[in-house]
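In what follows, a structure is listed as structure tokens, so that the remarks can point back to it.
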Amino acid sequence: MTKLAPVLSAHWDEKDSFTIEAYTRHGGYKASQKALAMDPDAVIQLVKDSGLRGRGGAGFPTGMKWGFIPQGDNKDHYLVVNADESEPGTCKDMPLLMANPHVLVEGCIIACHAIRAKHAFIYIRGEVTHVVRRLNQAIEDAYKAGHLGNGVDLVLHVGAGAYICGEETALLDSLEGFRGQPRLRPPFPAIAGLYARPTVVNNVESISAVPAIINNGPEWYQSMGTEKSKGTTLYSLSGHVNNPGQFEAPLGITLREILELSGGIRTGHTLKFWTPGGSSTPIFTQDHLDTPLDYEGVSAAGSMLGTKALQIFDETTCVVRAVLRWTEFYKHESCGKCTPCREGTWWLVQILRDLEAGKGTEADLAKLLDLCDNILGRSFCALGDGATSPITSSIKYFRDEYISHITHGGCPFDPVASTLFVGAGA
Numbered sequence: 001m002t003k004l005a006p007v008l009s010a011h012w013d014e015k016d017s018f019t020i021e022a023y024t025r026h027g028g029y030k031a032s033q034k035a036l037a038m039d040p041d042a043v044i045q046l047v048k049d050s051g052l053r054g055r056g057g058a059g060f061p062t063g064m065k066w067g068f069i070p071q072g073d074n075k076d077h078y079l080v081v082n083a084d085e086s087e088p089g090t091c092k093d094m095p096l097l098m099a100n101p102h103v104l105v106e107g108c109i110i111a112c113h114a115i116r117a118k119h120a121f122i123y124i125r126g127e128v129t130h131v132v133r134r135l136n137q138a139i140e141d142a143y144k145a146g147h148l149g150n151g152v153d154l155v156l157h158v159g160a161g162a163y164i165c166g167e168e169t170a171l172l173d174s175l176e177g178f179r180g181q182p183r184l185r186p187p188f189p190a191i192a193g194l195y196a197r198p199t200v201v202n203n204v205e206s207i208s209a210v211p212a213i214i215n216n217g218p219e220w221y222q223s224m225g226t227e228k229s230k231g232t233t234l235y236s237l238s239g240h241v242n243n244p245g246q247f248e249a250p251l252g253i254t255l256r257e258i259l260e261l262s263g264g265i266r267t268g269h270t271l272k273f274w275t276p277g278g279s280s281t282p283i284f285t286q287d288h289l290d291t292p293l294d295y296e297g298v299s300a301a302g303s304m305l306g307t308k309a310l311q312i313f314d315e316t317t318c319v320v321r322a323v324l325r326w327t328e329f330y331k332h333e334s335c336g337k338c339t340p341c342r343e344g345t346w347w348l349v350q351i352l353r354d355l356e357a358g359k360g361t362e363a364d365l366a367k368l369l370d371l372c373d374n375i376l377g378r379s380f381c382a383l384g385d386g387a388t389s390p391i392t393s394s395i396k397y398f399r400d401e402y403i404s405h406i407t408h409g410g411c412p413f414d415p416v417a418s419t420l421f422v423g424a425g426a
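The sequence shown stops at residue 426 when you use the UniProt record's numbering, and every number in between is there.
Okay, structure coming up:
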């Protein structure tokens with residue numbers, strides 16, 4: 001059994017964990033003092049040496065991303081923190097900000113020093129009002145304590161709530177006051193990002209991991225995780241389990257181990273399918289219970305680690321209905337900038353609705369896959385790609401269940417539409 005290694009969540013059980021008093025009680029803001037005394041390039045190298053990879057989905061090395069910022073260019077540099085957590089099933093950044101917002105504030109101070117930026121922005125979605133209030137209070141307290149305002153200013157920007165703004169360039173457009181739509185790259189944000197200036201965009205968890213790395217050293221961080229996926233991370237477990245929630249563990253833990261820690265699948269039921277990184281990642285089945293949940297392990301098994309959103313579905317779930325609901329979400333959230341995504345997601349929904357209602361034909365499955373093939377890799381950003389993932393993977397593993405909808409004239413999990421046993425296709 002992999003041991004849990006609380007780093008980010010070490011003091012979440014304390015009633016005042018979110019206050020500056022609690023944060024400083026446990027050594028808070030010592031890492032920023034240490035980092036500010038170092039050469040900025042040395043801070044970047046330290047983060048590189050730690051092996052920290054971005055926790056927003058792609059897993060790009062954080063220190064390398066910081067190193068892309070040109071130096072000596074006499075331009076303003078910016079740090080932007082992506083707190084627009086909106087991937088279905090993902091719920092790690094908001095609990096982190098509720099429990100310990102100051103670790104993000106301190107991480108911003110360190111990151112700004114490293115990339116030679118005087119301004120940092122945290123972009124957060126407007127629906128999470130309670131998190132906005134808590135983060136605003138943390139920023140205010142950090143200013144009062146003198147941690148902010150002496151070379152680094154931090155602004156909390158509240159977005160209007162759009163999934164596309166989780167894409168870093170669409171986020172930058174929204175931050176500038178424009179409609180949130182992805183930009184053509186190159187130029188990349190490191191060269192021309194916010195206000196056409198060199199910009200680093202990082203996820204909340206990525207920046208929040210930095211203070212512990214500064215305090216404990218890169219060797220300490222490298223001692224956790226796997227060969228290429230270092231450190232600990234937050235796994236968000238939800239769905240048909242006895243004890244859903246956040247589980248911080250070294251990268252490489254398996255779903256079987258996390259389920260043991262969470263009390264297992266809800267009593268009396270069995271695992272049918274699950275997502276390793278949110279709804280935009282190809283689904284897995286019970287055959288993947290022992291897949292290492294790191295970037296390389298999940299990729300080798302045919303999916304993506306993404307945001308580590310482990311959505312668990314038992315045998316009572318209709319996979320076609322679940323995939324339809326996800327696809328309706330992507331259709332709704334498509335920004336409309338590119339044809340493959342704008343038109344493609346609409347047609348995916350129409351076909352899936354017919355199949356789920358028992359009105360489709362077997363030829364529709366081929367049409368679905370053909371549509372996915374024409375969207376994948378051809379949309380302006382990854383939203384289109386993500387919309388195809390649950391469809392192609394569910395047909396791969398549960399084709400019989402799609403056929404059952406056709407032959408029985410409706411969903412086999414709906415007692416009104418059919419008397420087919422609930423385990424169909426599993």
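C-beta: ideal position from N, C-alpha, C; glycine also.
Residues of the same chain with a CB within less than 7 Å of the CB of Gly161, apart from the 5 flanking positions on each side, are Arg125, Gly126 and Glu127 in chain order. At a Cβ-Cβ threshold of 7 Å, Leu255 and Thr233 do not count as neighbours.
The residue among Glu356, Ala37 and Cys341 with its C-alpha nearest the C-alpha of Asp385 is Cys341. A Cβ-Cβ distance of about 10 Å is found for the pair Leu371 and Leu352, leaving them out of contact under the 8 Å criterion. The distance from the Cβ of Cys108 to that of Val131 is about 16 Å, inconsistent with a contact at the 8 Å cut-off.
Per DSSP, Glu248 lies in no alpha helix (DSSP H); the unbroken beta strand (DSSP E) holding it starts and ends at Gly245 to Pro250. Less than 7 Å separates the beta-carbon of Tyr78 from that of Leu194. When the alpha-carbon of Gly239 is set against those of Glu106, Ser393, Thr90 and Phe18, the nearest one is in Thr90. Counted as a single uninterrupted DSSP element, the stretch harbouring Phe398 is not any beta strand (DSSP E) but the alpha helix (DSSP H) occupying residues Ala382 to Thr407. When the alpha-carbon of Thr281 is set against those of Ser394, Lys15 and Gly27, the nearest one is in Ser394. With fewer than 16 other CB atoms across the displayed protein chains lying within 10 angstroms of its CB, Pro6 is exposed.
If you look at Ser238, you'll find it in the beta strand (DSSP E) that goes Thr232 to Gly239.
Per the DSSP secondary-structure output, Trp12 pairs with nothing in a beta bridge. By the Cβ neighbour-count rule, Ala196 is exposed, with fewer than 16 other Cβ atoms within 10 Å of its own.
Look at Thr285 here: in three-state DSSP terms it is strand. Rounded to whole angstroms, Leu348 and Cys335 show a C-alpha spacing of 16 Å. Taken through DSSP and simplified to helix, strand or coil, Val152 comes out as coil. In the DSSP annotation of this structure, the continuous segment of the alpha helix (DSSP H) that includes Ile258 starts and ends at Leu255 to Leu261. Taking C-beta separations shorter than 6 Å and ignoring five residues to either side along the sequence, the partners of Ile122 in its chain run Val81, Ala83 and Leu156, following chain order.
Nearest neighbour of Phe313 by Cα position, chosen from Thr270, Met94, Cys165 and Gln222, turns out to be Thr270. The residue among Phe18, Leu259, Ala309 and Lys144 with its C-alpha nearest the C-alpha of Arg134 is Phe18. Bounds of the alpha helix (DSSP H) holding His332 are Val319 to Glu333. In terms of Cβ geometry, Trp346 and Lys331 form a close pair [threshold 7 Å]. DSSP places Gly360 in the coil class of the three-state scheme, outside both helix and strand. DSSP places Arg125 within a strand segment (E or B) once states are collapsed to three. Counting only unbroken stretches of 4 or more residues, the alpha helix (DSSP H) elements lying wholly within the region 14–93 are 20–25, 30–36, 40–50 and 62–67, in sequence order.
Its Cα nearest to that of Gly56, the residue Lys308 stands out among Lys308, Leu376 and Ser279. Residue Tyr29 holds the alpha-carbon nearest to the alpha-carbon of Leu148 among Ala387, Gly409, Glu343 and Tyr29. Within the region 169–205, the runs of alpha helix (DSSP H) that reach at least 4 residues and sit entirely inside it are, in chain order, 189–192.
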